[in-house]
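The structure is reproduced here in structure tokens:
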């Protein structure tokens, strides 16, 4: 991991994420915020600079060490969002949980949603983003080194084709395994909506993007939303962005 991820997180938080949350939540600056999967904690660094109370949980000890080195004042700790005792280990409940590009990597989503409920205060909110399972780059093949990294929908290829293609193009074996794994545990928009209903979350807003907001920073492309059409949205949306609110079960 490198500091470049931290600086990208800071820039994106300042240019998009914080302004978005300020528009959606009237008293945003008074929220107690937890970021799940906070990585190098660039978002939390921005919140701390605003005088807000914020904490982070990250699975990778290396990323936690870097986050603390870059922002010693932050409460960032190693933790697993599926840990049944996670809520007991935190010092308080939170008004807002932010979980960006994480949920698609979590196999036990029932444990994740149970923890979200336990960590949230009454009527607390959750901001979630993820790439739908069938979207063009949901396999995260863009992390590869060969031509395969440029091919959309690579994770939808049959395994019998994908493995030989990887060998032919001298792609890393771990990348092929990662693409296959991401497809197996991927999350569709429809599946996500079912989870939200099951665990008592209502949608305050939901947007589907053909061009995600982060692409403005990475490629200079303006964000582009698409309608939430069944089936079509699963393949065309590169990102789903939602603000949820906890209700009584």
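In the numbering used here, the protein residues as written are 1221 to 1469. Glycine included, every Cβ here is placed at the ideal spot set by N, Cα and C.
Rounded distance between the beta-carbons of residue j and residue i, thought under 8 Å
i	j	result
residue 1306	residue 1300	7 Å
residue 1382	residue 1400	7 Å
residue 1223	residue 1290	7 Å
Reference residue i, options the options, closest by Cα
i	options	result
residue 1308	1283, 1339 and 1297	1339
residue 1415	1464, 1250, 1404 and 1371	1464
residue 1252	1368, 1439 and 1315	1315
residue 1420	1234, 1288, 1256 and 1337	1337
residue 1249	1271, 1260, 1235 and 1231	1271
residue 1372	1458, 1462, 1289 and 1451	1458
residue 1467	1341, 1402 and 1369	1341
residue 1391	1345, 1461, 1365 and 1428	1365
residue 1431	1439, 1425 and 1424	1439
residue 1330	1403, 1304 and 1292	1304
residue 1355	1376, 1335 and 1385	1376
residue 1319	1235, 1243, 1247 and 1275	1275
Bridge partner(s) assigned by DSSP for residue i
i	result
residue 1345	1316 and 1465
residue 1422	1465
residue 1278	1298
residue 1273	1252
residue 1427	1461
residue 1165	No information on residue 1165 is available, as it lies outside the stretch 1221 to 1469 that the chain covers here.
residue 1340	1314
residue 1350	1460
Length of the line joining the Cα atoms of residue i and residue j
i	j	result
residue 1394	residue 1362	13 Å
residue 1454	residue 1442	21 Å
residue 1449	residue 1348	20 Å
residue 1286	residue 1297	11 Å
residue 1437	residue 1232	7 Å
residue 1405	residue 1343	29 Å
residue 1379	residue 1460	26 Å
residue 1359	residue 1374	7 Å
residue 1456	residue 1412	16 Å
residue 1452	residue 1353	12 Å
residue 1211	residue 1384	A question about residue 1211 goes unanswered here, because the residues of the chain that appear run from 1221 up to 1469.
residue 1228	residue 1418	34 Å
Check whether residue i and residue j have beta carbons under 7 Å apart
i	j	result
residue 1350	residue 1323	yes
residue 1258	residue 1267	no
residue 1237	residue 1317	no
residue 1332	residue 1302	yes
residue 1226	residue 1269	no
residue 1470	residue 1277	Residue numbering for the chain in the displayed model covers 1221 to 1469; residue 1470 lies beyond these limits and cannot be assessed.
residue 1521	residue 1423	Because the chain is modelled from 1221 through 1469, residue 1521 falls outside the range shown and cannot be assessed.
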